[in-house]
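Peer 1: Numbering (my numbering), first residue to last: 46 to 463. Virtual Cβ for every residue (Gly too), placed ideally from N, Cα, C.
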């Protein structure tokens, strides 16, 4: 969930709760005030009735007044305390039940005790409260809508530098010589974030360049010593007076040198690809290229009893010729090396994609580490773990996308050529 959406959800929920509590409190307060005013009116009526009785010694005649009723009933004893209460009563004029606020108090005249009941209709009060609630609810709804609109527009504008920074960081690559251009912002937190990110990315680029330069220099410097060691070992192997133990030692040393040479070649190749030293491109017939590679691998597949199926559409791609050879060699070598005796390899070109699948281990490769350098599957099998890294790097510089999928016993690599 986006931060903006989460903030709006929390803000909306909090606002609704606050408004509901405020509305409930407002309703109770208004009702209390209006009931208090009616009670004051009833108290005035009580005072007038008692004053009239005191002056005339008789009960006053009830005067018909809208929304008000006065009745008297005999009582055995004088009611000393007045009583306020709200009761529902049927209104014959409106033909419906209405609420009344009732005041009962005791009066006496001519030696008789009476209970005077003054009832005042709450219909007008209820209508007023409903009107106030309607106005309040409408106002709250309008405030919520306006608040959401303002928040959406204002927050979107406030967070614009953040999203721009996020977009810039997402497109940042440590291997590209690019300077991050963060927008100016008057918000201190965003400005501090941009400064921190700029320092961190600059440091990362510097560290990467130092490491890259070291790798290139080390690989170049190792070429000559490796060639010398290999030639010396070749001479040693040709010696006839070597013992069996010495021959084994020389042979294992030669294998280690060969492995180191392959590693050195792979690291140099990656460095060249990253330095864009294969920039020259041309139109290549991918079908013919693959057929050449199939002929080159034919004897190896035959010796391992590997069945090869092909379905090749005539497709032309634009890429560097040397990189195309390296890409296909690595893909087919990978499919061969990690196959099983009597297994199969399927090569397809269709729908603008190259698909190479092979039988192999029953376990899926780790997609998070698949193209990482020195990642070795199935315990290694003597490889240096750079094959898939080289494949991925070639696809990136050539504008291709590579995907991996797994079904039980089958590993599939798909290269989108669009």
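How many Å lie between residue 409 and residue 458 at the Cα?
Peer 2: C-alpha separation (whole angstroms): 12 Å.
Peer 1: In or out: residue 268 buried (at least 16 other Cβ within 10 Å) or exposed?
Peer 2: Counting Cβ neighbours within 10 Å, residue 268 comes out exposed, since fewer than 16 surround it.
Peer 1: Could you give the DSSP three-state label for residue 390: helix, strand or coil?
Peer 2: Correct three-state label for residue 390: strand.
Peer 1: Taking DSSP as the reference, what is the three-state secondary structure of residue 457?
Peer 2: It is a strand residue.
Peer 1: Measure the alpha-carbon distance for residue 432 versus residue 295 and round it to whole angstroms.
Peer 2: Roughly 27 Å separates the two Cα atoms.
Peer 1: Does DSSP put residue 288 in a helix, in a strand, or in coil?
Peer 2: Note: residue 288 maps to coil in three-state DSSP.
Peer 1: Could you check if residue 239 is buried or exposed, using at least 16 other CB atoms within 10 Å of its CB as the buried criterion?
Peer 2: The residue in question, residue 239, is buried, as its Cβ has 16 or more Cβ neighbours within 10 Å.
Peer 1: Classify residue 163 as helix, strand or coil using the three-state DSSP reduction.
Peer 2: Strand.
Peer 1: Who does residue 144 pair with in a DSSP beta bridge?
Peer 2: Bridge partners of residue 144: 133.
Peer 1: Helix, strand or coil for residue 153 per DSSP?
Peer 2: It is a strand residue.
Peer 1: From this set, 112, 131 and 160, which residue's C-alpha is nearest residue 480's C-alpha?
Peer 2: In the structure as shown, the chain begins at 46 and stops at 463. Residue 480 is therefore absent and cannot be evaluated.
Peer 1: Are residue 57 and residue 173 close, meaning C-beta to C-beta below 8 Å?
Peer 2: Not in contact: residue 57 and residue 173 (Cβ atoms no closer than 8 Å).
Peer 1: Which stretch, first to last residue, makes up the beta strand (DSSP E) that contains residue 446?
Peer 2: Here the beta strand (DSSP E) through residue 446 covers 446 to 452.
Peer 1: For residue 158, which beta-bridge partners are listed by DSSP?
Peer 2: The partner list for residue 158 (beta bridge, DSSP) reads 120 and 153.
Peer 1: Locate the alpha helix (DSSP H) running through residue 173, then write down its first and last residues.
Peer 2: Here the alpha helix (DSSP H) through residue 173 covers 168 to 203.
Peer 1: Counting Cβ pairs closer than 8 Å, one from the segment 210 to 220 and one from the segment 238 to 257, do we hit at least three?
Peer 2: Result yes; three or more Cβ-Cβ pairs closer than 8 Å.
Peer 1: Rounded to a whole number of angstroms, what is the C-alpha to C-alpha distance between residue 397 and residue 369?
Peer 2: Their backbone Cα atoms lie some 16 Å apart in a straight line.
Peer 1: State the beta-bridge partners of residue 363 as determined by DSSP.
Peer 2: Paired residue(s): 328.
Peer 1: Taking the alpha-carbon positions, what's the residue 48 to residue 353 distance?
Peer 2: Whole-angstrom Cα-Cα distance: 52 Å.
Peer 1: Starting from residue 439 and walking both ways along the alpha helix (DSSP H), at which residues does that stretch end?
Peer 2: Run containing residue 439: 432 to 443, per the alpha helix (DSSP H) assignment.
Peer 1: Can at least three beta-carbon pairs, one atom from the segment 173 to 193 and one from the segment 58 to 75, be found at a separation below 8 Å?
Peer 2: Contact holds: three or more Cβ-Cβ distances are below 8 Å.
Peer 1: Report buried or exposed for residue 356, applying the criterion of at least 16 other Cβ atoms within 10 angstroms of its Cβ.
Peer 2: The residue in question, residue 356, is exposed, as its Cβ has fewer than 16 Cβ neighbours within 10 Å.
Peer 1: Give the DSSP bridge partners of residue 395, in chain order.
Peer 2: Per DSSP, 398.
Peer 1: Can you give me the C-alpha to C-alpha distance between residue 127 and residue 189, rounded to a whole angstrom?
Peer 2: Cα to Cα, the separation comes out at about 46 Å.
Peer 1: Just to confirm the assignment, what range does the beta strand (DSSP E) spanning residue 385 have?
Peer 2: First-last for residue 385: undefined, no H or E at that position.
Peer 1: Between which two residues does the beta strand (DSSP E) containing residue 353 stretch?
Peer 2: Per DSSP, residue 353 belongs to the beta strand (DSSP E) from 352 to 357.
Peer 1: If you run the structure through DSSP and keep just helix, strand and coil, what is residue 232?
Peer 2: Residue state, collapsed to three classes: coil.
Peer 1: Taking all protein chains shown into account, decide if residue 163 is buried (16 or more other Cβ within 10 angstroms of its Cβ) or exposed.
Peer 2: Under this definition residue 163 is a buried residue.
Peer 1: If I measure Cβ to Cβ from residue 363 and keep anything under 6 Å in the same chain, skipping five residues before and after, which residues do I get?
Peer 2: For residue 363, where only same-chain residues beyond five positions count, the Cβ hits under 6 Å are 326 and 328.
Peer 1: Are the Cβ atoms of residue 231 and residue 435 separated by less than 8 Å?
Peer 2: The answer is no: Cβ separation not under 8 Å.
Peer 1: Could you check what DSSP says for residue 63 in three-state terms: helix, strand or coil?
Peer 2: Correct three-state label for residue 63: helix.
Peer 1: Answer yes or no: do residue 299 and residue 271 have a C-beta to C-beta separation smaller than 8 Å?
Peer 2: Result no, Cβ atoms of residue 299 and residue 271 do not sit closer than 8 Å.
Peer 1: Can residue 341 and residue 260 be called in contact, C-beta distance under 8 Å?
Peer 2: Cβ distance not < 8 Å, so residue 341 and residue 260 don't count as in contact.
Peer 1: Under a three-way DSSP split, which group does residue 417 fall into?
Peer 2: Correct three-state label for residue 417: coil.
Peer 1: Does the beta-carbon distance from residue 449 to residue 415 come in below 8 Å?
Peer 2: Their beta carbons are under 8 Å apart, which means residue 449 touches residue 415 by this criterion.
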